[in-house]
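Counting the sequence shown from 1 gives a position; the working numbering is that position plus 415.
Glycine is no exception: its CB is placed at the ideal position from the N, C-alpha and C atoms.
Please read the structure below before turning to the comments.
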Amino acid sequence: MSNSAAGIFRRVNDAVYWTGATIACVALVLVSAVIPWAVYTRYILNSASSWPEPMAVLLTVGITFIGSANCYRQRIHMNMTVGTDLLPPLLRRASLFLSEVLMGVIAIFMVVWGLRLVHTTWDNSVDEFPWLSVGITYLPIVVSGAMMLLFVVERLTIGPPPRDGADAHVPVE
Numbered sequence: 416m417s418n419s420a421a422g423i424f425r426r427v428n429d430a431v432y433w434t435g436a437t438i439a440c441v442a443l444v445l446v447s448a449v450i451p452w453a454v455y456t457r458y459i460l461n462s463a464s465s466w467p468e469p470m471a472v473l474l475t476v477g478i479t480f481i482g483s484a485n486c487y488r489q490r491i492h493m494n495m496t497v498g499t500d501l502l503p504p505l506l507r508r509a510s511l512f513l514s515e516v517l518m519g520v521i522a523i524f525m526v527v528w529g530l531r532l533v534h535t536t537w538d539n540s541v542d543e544f545p546w547l548s549v550g551i552t553y554l555p556i557v558v559s560g561a562m563m564l565l566f567v568v569e570r571l572t573i574g575p576p577p578r579d580g581a582d583a584h585v586p587v588e
């Protein structure tokens, strides 16, 4: 891949990453607003709203899937490196490559089967939100899988994103 193509691909992945981070942060703020509303209606008004709990669950699903894709890109997800750290350098590189390939397979699985799930449930509606398709609630699986696949391709072709300390949320190694 040429330097200009690699630069464009890196910028696209940066945009995907920051869009995902923004979506996850907005969802987190909304969860933080919805839960107190549920408490207020239940214990102050003595008339519990039916929508805050399912809304919080849907938002949490979005936070979890989109956030996990972003954590994967920055290598700040939970992982076990004890075994690979003990390997000689060549085997360590091979295990990292195999890990990326397997992650790519998982990402493809999430996209393909997630799309099937979205398609299968598209005509159903969420009880508390009759206007909301159940299929839409499964879209974070597809989006997260596509994001992870992009990040796997990034790592395998041009390497991991640089860790220069510019991003305060990513530890510098």
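Where the beta strand (DSSP E) through residue i begins and ends
i: S548; result: 544-548
Proximity below 7 Å, CB of residue i to CB of residue j
i: Y487; j: F566; result: yes
i: M562; j: A484; result: yes
i: A522; j: L564; result: yes
i: V526; j: V557; result: yes
i: P555; j: F480; result: yes
i: I573; j: A421; result: yes
i: V541; j: L547; result: yes
i: R529; j: W537; result: Contrary to the premise, residue 529 reads as Gly rather than Arg in this sequence. In this structure, W537 does not lie closer than 7 Å to G529 by Cβ.
Reduced DSSP secondary structure (H/G/I, E/B, other) of residue i
i: S447; result: helix
i: S559; result: helix
i: S540; result: strand
i: Y553; result: coil
i: G482; result: helix
i: G574; result: coil
i: N494; result: coil
i: A463; result: coil
i: S417; result: coil
Proximity to residue i [Cα-Cα], best of the options
i: A439; options: A448, D429, G482, A430; result: G482
i: V449; options: P467, S462, G435; result: P467
i: A436; options: G550, G477, S462; result: G477
i: M470; options: S462, Q489, I491, S447; result: S447
i: S559; options: T535, R507, N539, F524; result: F524
i: L517; options: I491, V533, L571, L474; result: L571
i: N428; options: Q489, H534, D500, P451; result: Q489
For residue i, the first and last residue of its enclosing alpha helix (DSSP H)
i: T536; result: 504-536
i: T499; result: 497-500
Buried versus exposed, by CB contacts within 10 Å (16 or more), residue i
i: P575; result: exposed
i: Y458; result: exposed
i: Y553; result: buried
i: F512; result: exposed
i: S465; result: exposed
i: V520; result: exposed
i: L506; result: exposed
i: L474; result: buried
i: Y455; result: exposed
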